[in-house]
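Chemist: Residues in the sequence shown are numbered consecutively from 7, following this note's numbering. Glycine residues also receive a C-beta, built at the ideal position from the N, C-alpha and C atoms. Here it is, the structure, as structure tokens.
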Amino acid sequence: MRLDRLQERLGDAITVEWKAFLLRPEPEARTLEQFRRYTESWRRPAAMEPACGFHVWTGDAAPPTSSVGPAVAARVARELGSDAAARYERALFQAYFVDNRTVSDRRVLVDIATDIGLDPAEFDAALTEHGQAAQAAVFAEYHEAIELGLYAVPAVVIDGRRLVQGAVDVDDYVRVIDALRSES
Numbered sequence: 007m008r009l010d011r012l013q014e015r016l017g018d019a020i021t022v023e024w025k026a027f028l029l030r031p032e033p034e035a036r037t038l039e040q041f042r043r044y045t046e047s048w049r050r051p052a053a054m055e056p057a058c059g060f061h062v063w064t065g066d067a068a069p070p071t072s073s074v075g076p077a078v079a080a081r082v083a084r085e086l087g088s089d090a091a092a093r094y095e096r097a098l099f100q101a102y103f104v105d106n107r108t109v110s111d112r113r114v115l116v117d118i119a120t121d122i123g124l125d126p127a128e129f130d131a132a133l134t135e136h137g138q139a140a141q142a143a144v145f146a147e148y149h150e151a152i153e154l155g156l157y158a159v160p161a162v163v164i165d166g167r168r169l170v171q172g173a174v175d176v177d178d179y180v181r182v183i184d185a186l187r188s189e190s
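Dropping the structure here:
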């Protein structure tokens, strides 16, 4: 879902709070061919938002083994300010879904920071210094989501009252928000 499209349709009264959800909390080894077949399943949700880039995994880069590292790195980027966090999150999605980079590799995570203009040594040091606390926060958010019955990404709780899970069209969000507005 493109937040900018939703804000266009509904106005600026949207507040977003990003929380981590780990699709692969434990490392999982898959062959490159298995991972390529898996990424084929992303075509449908990717087609729902043509402005977002997506490529089926190509090339010889190893597939990511876990989603913990990228979630931790994104959390650490928040320590460097909201602008750095937003740029890092966008670049992380680009690296994974478009550029097919192995985002579970720490070197790739530091390279992504470099790509958006952060100092690589500073970002690497921040990963070391804040990594354990960030990982604890990521797992806390993940467990909170599981306890709430969330199972898909994205999972969006609207006004604390309605849950929309999975890749859905912007119109679906608009319908839910309009329904909530009419109830008020």
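Of all the options Asp175, Thr71, Leu186 and Val170, which has the alpha carbon lying nearest to the alpha carbon of Ala57?
Modeler: Stepping through the sequence shown from its first residue, residue 57 is reached at position 51. Per the Cα distances, Asp175.
Chemist: Looking at the structure shown, is Ile164 part of a helix, part of a strand, or coil, going by DSSP?
Modeler: If you number the sequence shown from 1, residue 164 lands on position 158. Strand at Ile164.
Chemist: Where does Val78 fall in DSSP's three states?
Modeler: If you number the sequence shown from 1, residue 78 lands on position 72. Here Val78 sits in helix by DSSP.
Chemist: Quick one, are the C-beta atoms of Pro126 and Ala119 less than 8 Å apart?
Modeler: Here the question's residue 126 lines up with position 120 in the sequence shown. Here the question's residue 119 lines up with position 113 in the sequence shown. Contact flag set, yes.
Chemist: Going by the beta-carbon positions, is the gap between Gln27 and Val159 smaller than 8 Å?
Modeler: Counting from one through the sequence shown, the residue named residue 27 turns up at place 21. Counting from one through the sequence shown, the residue named residue 159 turns up at place 153. According to the sequence shown, residue 27 is Phe rather than Gln. Cβ atoms of Phe27 and Val159: closer than 8 Å.
Chemist: Alpha carbons only, please: which of Ala77, Ala173 and Ala83 is nearest the one belonging to Tyr148?
Modeler: Here residue 148 refers to the residue found at position 142 when the sequence shown is read from its first residue. Of Ala77, Ala173 and Ala83, the residue nearest in Cα terms is Ala77.
Chemist: Quick one: Cα of Val116 to Cα of Ile183, how far?
Modeler: Working through the sequence shown from its first residue, we reach residue 116 at position 110. Working through the sequence shown from its first residue, we reach residue 183 at position 177. Cα to Cα, the separation comes out at about 38 Å.
Chemist: So, for Thr64: in the same chain, excluding its five sequence neighbours on each side, which residues have a beta-carbon less than 8 Å away from its beta-carbon?
Modeler: On the sequence shown, position 58 is the one that residue 64 refers to. Cβ neighbours of Thr64 beyond the five flanking positions: Arg42 and Asn106.
Chemist: Just grab the DSSP bridge partners of Val170 for me.
Modeler: Numbered from 1 along the sequence shown, position 164 holds the residue referred to as residue 170. Partner(s): Val162.
Chemist: Suppose the cutoff is 7 Å on Cβ atoms and the five residues either side in sequence are ignored; what does the same chain contact list for Asp121 look like?
Modeler: Numbered from its first residue, the sequence shown carries residue 121 at position 115. If we look at Asp121 and ignore the five residues flanking it on each side, its Cβ neighbours are Ala97.
Chemist: So, helix, strand or coil for His136, using DSSP?
Modeler: Stepping through the sequence shown from its first residue, residue 136 is reached at position 130. Helix.
Chemist: Could you give the first and the last residue of the continuous alpha helix (DSSP H) run that contains Glu23?
Modeler: What you label residue 23 is simply residue 17 of the sequence shown in a count that begins at 1. No residue range can be given for Glu23, since it is assigned to no alpha helix (DSSP H) and is classified by DSSP as neither H nor E.
Chemist: Given a cut-off of 8 Å on the beta-carbon distance, is the pair Glu85 and His136 in contact?
Modeler: Here residue 85 refers to the residue found at position 79 when the sequence shown is read from its first residue. Here residue 136 refers to the residue found at position 130 when the sequence shown is read from its first residue. Cβ distance < 8 Å, so Glu85 and His136 count as in contact.
Chemist: Looking at the structure shown, is Phe99 part of a helix, part of a strand, or coil, going by DSSP?
Modeler: Here residue 99 corresponds to residue number 93 of the sequence shown, with the count starting at 1. It is helical.
Chemist: Under a Cβ-count criterion, where at least 16 other Cβ atoms within 10 Å of its own Cβ denotes burial, should Tyr102 be classed as buried or exposed?
Modeler: By one-based count along the sequence shown, residue 102 stands at place 96. So Tyr102 counts as buried.
Chemist: When we look at the beta-carbon of Ser73 and count the other beta-carbons within 10 Å, is it buried (16 or more) or exposed?
Modeler: By 1-based counting over the sequence shown, the position of residue 73 is 67. With 16 or more Cβ atoms within 10 Å of its Cβ, Ser73 is classed as buried.
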